[in-house]
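In the working numbering, the protein residues as written are -1 to 363.
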């Protein structure tokens, strides 16, 4: 949520075509639900021959009906039983699908499932399988009119890797190693698919994150609350409102240990955004612990290489060490989002410059 992360236009458009097909299916089941599905005739007539056949292969006849097929008929039956509300649910889902174009509008909020919680299970059973297919078999070009070949989760994660070199967009830490065939970065749903399944595989809802952020800290936590207007205003978003340019990160000497620091993250403009970021990802503690692990080995560790590179036999003094730290801070600022851990290191270097200069000089000497 700190650094801007987005899919390249071509891949975003292609993933959007798959998402659009999912949205069309959900809308159809809610607005004009079929009474039964004994073959692919209705699907082909409504969705066209290629997409209709693709859907039928995942629904099948009654005697071999899949779990997904049963969910399709269950949602259709729920819509038949309450057509007026089903139409309102469809309106809410279509509205939510445009969240990426309306993020900063006053009063913008997600409507589903907040307004219609009784429909969550039915929508979830239709929508989440599309992400499961993305993560396994992927999507072939023909049913969805894709322009650049097959897409799958690895394609999506590789695209994030190419524009976020080894840096987690959420925590500014290392993203994870890249293997010969697989990406170590996790695929995060900004709006967790368990609570907002209709946004699973939405091109503005998938992001790369390190395993720690996705699998340990964020999980299904929701910094945006119920995604009402207040919740959305009080959170960052990797594409629509990245936080790196808004947060103020400071480091101060720990009151209990003069050779360690504490990290503080704030947002002077909208304080709640920093609060939700910290609460969701535990950043202040994580950053302080990672920095203190380095400082435990020597208070000057973050500037030691710069000093070593300067010249052999160099005798540090206050002015020269200040210049070293200033150069390191300037370099780190230029590398924000490109080199891991820059934000926390800048804060600690500023603390060294301000409060720990004498200790740095002593160690470098």
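Note that the Cβ used here is the ideal one computed from N, Cα and C, for glycine as well. Note that the structure is predicted; figures quoted are calculated from it, not measured.
With respect to the C-alpha of residue 193, the residue from 254, 5, 122 having the closest C-alpha is 122. Straight through space, the alpha carbons of residue 9 and residue 151 are spaced by roughly 11 Å. When the five nearest sequence neighbours on each side are left out, the beta carbons in the same chain lying within less than 6 Å of the beta carbon of residue 265 are those of 244, 245, 271, 272, in order along the chain. In the structure shown, residue 252 adopts extended strand secondary structure according to DSSP, grouped into three states.
Burial check for residue 104: the Cβ neighbour count within 10 Å stays below 16, so the residue is exposed.
Closest by C-alpha distance to residue 363, out of 318, 345, 314, 324, is 314. Contact check for residue 297 against residue 358 passes: the beta carbons are separated by less than 8 Å. In this structure, residue 54 lies near residue 38, with their beta-carbon atoms less than 8 Å apart.
Here residue 20 is buried. Its C-beta has 16 or more other C-beta atoms within 10 Å.
Residue 98: member of the alpha helix (DSSP H) spanning 97 to 100, first to last residue. With contacts defined as CB atoms closer than 8 Å, residue 136 and residue 149 qualify as a contacting pair. Residue 289 is not a Cβ neighbour of residue 219, given a cutoff of 8 Å. Distance from the CA of residue 62 to the CA of residue 210, rounded to the nearest whole angstrom, comes to 40 Å. Checking the DSSP bridge columns, you'll see residue 206 partnered with 185.
In the DSSP annotation of this structure, the continuous segment of the alpha helix (DSSP H) that includes residue 129 starts and ends at 118 to 133. Note on geometry: alpha-carbon atoms of residue 124 and residue 321 lie some 60 Å from one another.
Scanning 89, 100, 144 for the CA closest to the CA of residue 117 turns up 89. Secondary structure note for residue 290: its alpha helix (DSSP H) is the uninterrupted segment 281 to 293. DSSP places residue 346 inside the alpha helix (DSSP H), whose first and last residues are 340 to 353.
Looking at the DSSP output, residue 262 shares a beta bridge with 248.
The Cβ neighbour count for residue 241, taken over all protein chains shown within 10 Å, is at least 16; the residue is labelled buried.
Between residue 51 and residue 142, the alpha-carbon positions lie close to 12 Å from each other. The bridge partners DSSP lists for residue 239 are 235. In summary, residue 186 is buried, with 16 or more beta-carbon neighbours lying within 10 Å of its beta-carbon over all protein chains present.
The straight-line gap separating the alpha-carbon atoms of residue 334 and residue 189 is approximately 25 Å.
Closest in C-alpha terms to residue 36, from the list 17, 46, 44, 57, comes 57. Collapsing the DSSP output to three states places residue 40 in a helix. Counted as a single uninterrupted DSSP element, the stretch harbouring residue 115 is not any alpha helix (DSSP H), since DSSP gives it neither H nor E. Of all alpha-carbon atoms in 329, 15, 295, the one lying nearest the alpha-carbon of residue 7 is that of 15. Cβ atoms of residue 3 and residue 237 come within 8 Å of each other, at about 6 Å. Going by DSSP, residue 313 is part of no alpha helix (DSSP H) at all; its letter is neither H nor E. The alpha carbon of residue 255 has as its nearest neighbour, out of 281, 203, -1, 286, the alpha carbon of 286.
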